[in-house]
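Asker: Quick one: the structure is below, and I'll ask about it shortly.
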Amino acid sequence: MARTVEFRVVNHRMGFKCSSCGKKRNMPIQVNVRRKNVRCHACGEITRCLLNRRTIHRKLQSGAATMITDDGKEIDVSIHDISTGGGIGVDISLRAARAQKVKVGQKVSFRCSWNTRLLGSGTFQVQNSNGQRVGVKKVMMGAF
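Start counting the sequence shown at 113; every next residue gets the next number (my numbering).
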(Lines of atoms letter the chains of each structure in order from A and count residues from 1; the text may use other names and numbers.)
(Lines give C-alpha, C1' and ligand atoms only; values in the text may rest on other atoms or scores of the structure.)
Protein backbone atom coordinates (compact mmCIF):
# COMPACT_ATOMS: atom_id res chain seq x y z
CA MET A 1 0.00 0.00 0.00
CA ALA A 2 1.27 3.48 -0.87
CA ARG A 3 2.36 5.89 1.84
CA THR A 4 0.64 9.26 2.09
CA VAL A 5 2.85 12.35 2.34
CA GLU A 6 1.99 16.06 2.08
CA PHE A 7 4.06 18.13 -0.37
CA ARG A 8 4.12 21.89 -1.00
CA VAL A 9 3.43 23.15 -4.52
CA VAL A 10 5.08 26.44 -5.51
CA ASN A 11 4.70 27.91 -9.01
CA HIS A 12 3.01 24.70 -10.18
CA ARG A 13 6.03 22.57 -9.18
CA MET A 14 6.48 20.02 -6.41
CA GLY A 15 9.78 18.98 -4.82
CA PHE A 16 9.18 15.22 -4.52
CA LYS A 17 11.34 13.19 -2.12
CA CYS A 18 10.89 9.42 -1.95
CA SER A 19 10.02 8.28 1.57
CA SER A 20 11.85 4.95 1.01
CA CYS A 21 15.16 5.79 -0.66
CA GLY A 22 15.34 9.59 -0.26
CA LYS A 23 15.84 10.38 -3.98
CA LYS A 24 14.60 13.83 -4.99
CA ARG A 25 12.82 15.00 -8.11
CA ASN A 26 11.26 18.32 -9.11
CA MET A 27 7.93 17.72 -10.86
CA PRO A 28 5.38 19.93 -12.66
CA ILE A 29 1.86 19.80 -11.21
CA GLN A 30 -1.35 20.84 -12.99
CA VAL A 31 -3.52 23.52 -11.40
CA ASN A 32 -6.58 21.41 -10.56
CA VAL A 33 -4.74 18.39 -9.05
CA ARG A 34 -5.09 17.93 -5.26
CA ARG A 35 -3.71 14.38 -4.94
CA LYS A 36 -1.26 12.46 -7.07
CA ASN A 37 0.34 9.01 -6.91
CA VAL A 38 4.06 9.20 -7.78
CA ARG A 39 6.35 6.26 -8.49
CA CYS A 40 9.97 6.85 -7.46
CA HIS A 41 12.29 6.84 -10.48
CA ALA A 42 15.02 5.10 -8.47
CA CYS A 43 13.38 2.41 -6.31
CA GLY A 44 9.87 2.13 -7.79
CA GLU A 45 8.07 2.84 -4.49
CA ILE A 46 4.66 4.50 -4.95
CA THR A 47 3.87 7.51 -2.75
CA ARG A 48 0.42 9.08 -2.46
CA CYS A 49 1.07 12.84 -2.52
CA LEU A 50 -1.32 15.35 -0.96
CA LEU A 51 -0.63 18.70 -2.60
CA ASN A 52 -0.62 21.88 -0.52
CA ARG A 53 -0.65 25.15 -2.48
CA ARG A 54 -1.27 27.40 0.52
CA THR A 55 1.37 29.55 2.17
CA ILE A 56 0.22 28.55 5.65
CA HIS A 57 0.03 24.99 6.94
CA ARG A 58 -3.27 23.16 6.75
CA LYS A 59 -4.23 20.09 8.71
CA LEU A 60 -5.93 17.40 6.69
CA GLN A 61 -9.29 16.67 8.23
CA SER A 62 -12.09 14.86 6.48
CA GLY A 63 -15.64 14.10 7.44
CA ALA A 64 -19.25 14.99 6.85
CA ALA A 65 -20.81 18.12 8.31
CA THR A 66 -23.78 20.41 7.72
CA MET A 67 -23.21 23.99 6.57
CA ILE A 68 -25.99 26.36 7.64
CA THR A 69 -26.33 29.56 5.60
CA ASP A 70 -27.34 32.91 7.07
CA ASP A 71 -30.86 32.46 5.65
CA GLY A 72 -31.29 29.09 7.43
CA LYS A 73 -30.68 26.68 4.55
CA GLU A 74 -28.79 23.50 5.43
CA ILE A 75 -26.26 22.03 2.98
CA ASP A 76 -24.46 18.71 3.50
CA VAL A 77 -20.69 19.18 2.99
CA SER A 78 -17.47 17.19 3.20
CA ILE A 79 -14.67 18.84 5.15
CA HIS A 80 -11.25 18.40 3.57
CA ASP A 81 -8.81 20.59 5.46
CA ILE A 82 -8.48 23.12 8.24
CA SER A 83 -5.89 25.91 8.12
CA THR A 84 -4.12 27.24 11.20
CA GLY A 85 -5.49 30.72 10.38
CA GLY A 86 -9.11 29.63 10.89
CA GLY A 87 -9.92 28.64 7.31
CA ILE A 88 -11.79 25.50 6.26
CA GLY A 89 -11.95 23.86 2.84
CA VAL A 90 -15.17 22.00 2.08
CA ASP A 91 -16.80 20.27 -0.88
CA ILE A 92 -20.53 20.34 -1.44
CA SER A 93 -22.39 17.80 -3.57
CA LEU A 94 -22.91 18.69 -7.23
CA ARG A 95 -26.69 18.63 -6.79
CA ALA A 96 -26.52 21.00 -3.80
CA ALA A 97 -24.10 23.28 -5.68
CA ARG A 98 -26.61 23.62 -8.53
CA ALA A 99 -29.62 24.07 -6.25
CA GLN A 100 -28.19 26.47 -3.68
CA LYS A 101 -25.56 28.96 -4.74
CA VAL A 102 -23.04 29.81 -2.04
CA LYS A 103 -21.84 33.38 -2.51
CA VAL A 104 -18.57 35.01 -1.51
CA GLY A 105 -19.08 37.11 1.62
CA GLN A 106 -22.03 35.03 2.85
CA LYS A 107 -22.03 34.11 6.54
CA VAL A 108 -22.34 30.42 7.43
CA SER A 109 -22.04 28.16 10.45
CA PHE A 110 -21.40 24.44 10.76
CA ARG A 111 -22.83 21.48 12.62
CA CYS A 112 -20.47 18.53 12.95
CA SER A 113 -21.88 15.48 14.76
CA TRP A 114 -18.64 13.46 14.89
CA ASN A 115 -16.62 16.20 16.60
CA THR A 116 -18.67 19.00 18.13
CA ARG A 117 -15.58 20.95 19.26
CA LEU A 118 -13.96 20.91 15.82
CA LEU A 119 -15.93 23.84 14.43
CA GLY A 120 -17.49 25.17 17.61
CA SER A 121 -20.38 27.58 17.55
CA GLY A 122 -18.53 30.23 15.57
CA THR A 123 -19.54 32.08 12.45
CA PHE A 124 -17.63 31.74 9.20
CA GLN A 125 -17.57 33.84 6.04
CA VAL A 126 -17.28 32.39 2.54
CA GLN A 127 -13.94 33.51 1.07
CA ASN A 128 -14.21 31.72 -2.28
CA SER A 129 -16.67 29.50 -4.08
CA ASN A 130 -15.69 27.55 -7.17
CA GLY A 131 -18.53 25.19 -8.08
CA GLN A 132 -18.38 22.37 -5.53
CA ARG A 133 -15.32 23.67 -3.65
CA VAL A 134 -15.91 26.31 -1.00
CA GLY A 135 -13.41 28.01 1.28
CA VAL A 136 -14.56 29.70 4.49
CA LYS A 137 -12.75 31.66 7.18
CA LYS A 138 -13.71 32.15 10.81
CA VAL A 139 -15.15 35.59 11.55
CA MET A 140 -13.59 37.34 14.53
CA MET A 141 -16.02 38.78 17.06
CA GLY A 142 -16.71 42.45 16.42
CA ALA A 143 -15.49 42.26 12.80
CA PHE A 144 -19.02 42.86 11.45
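Here a beta-carbon is modelled for each residue, glycine too, at the ideal position from N, C-alpha and C.
Here the structure is a predicted model, which is why all the values come from computation and not from measurement.
Given a cut-off of 7 Å, decide if Lys129 and Gly198 are closer than it, judged by their beta-carbon atoms.
Answerer: In this structure, Lys129 does not lie closer than 7 Å to Gly198 by Cβ.
Asker: Would a C-beta distance cut-off of 7 Å place Ile200 and Val248 closer than the cut-off?
Answerer: Yes; because the gap between Cβ atoms is below 7 Å, this pair is in contact.
Asker: Kindly confirm or deny that the segment 184-196 and the segment 131-145 touch, where touching means at least three C-beta pairs closer than 8 Å.
Answerer: Too few Cβ pairs lie closer than 8 Å, so no.
Asker: Suppose contacts are defined by Cβ-Cβ distances below 7 Å. Is Phe236 in contact with Val220 by that definition?
Answerer: Cβ distance < 7 Å, so Phe236 and Val220 count as in contact.
Asker: Give me whichever residues DSSP pairs with Thr178 in a beta bridge.
Answerer: Per DSSP, Asp188, Arg223.
Asker: From the DSSP secondary-structure annotation, give me the bridge partner or partners of Arg115.
Answerer: Per DSSP, Thr159.
Asker: Can you give me the start and stop residues for the beta strand (DSSP E) that Arg125 sits inside?
Answerer: Note, Arg125: beta strand (DSSP E), 125-129.
Asker: Could you give the distance in angstroms between the alpha-carbon of Lys215 and the alpha-carbon of Val150?
Answerer: Cα-Cα distance, rounded: 36 Å.
Asker: Within 10 angstroms of its Cβ, does Ala177 collect 16 or more other Cβ (buried), or is it exposed?
Answerer: By the neighbour-count rule (16 or more Cβ atoms within 10 Å), Ala177 is buried.
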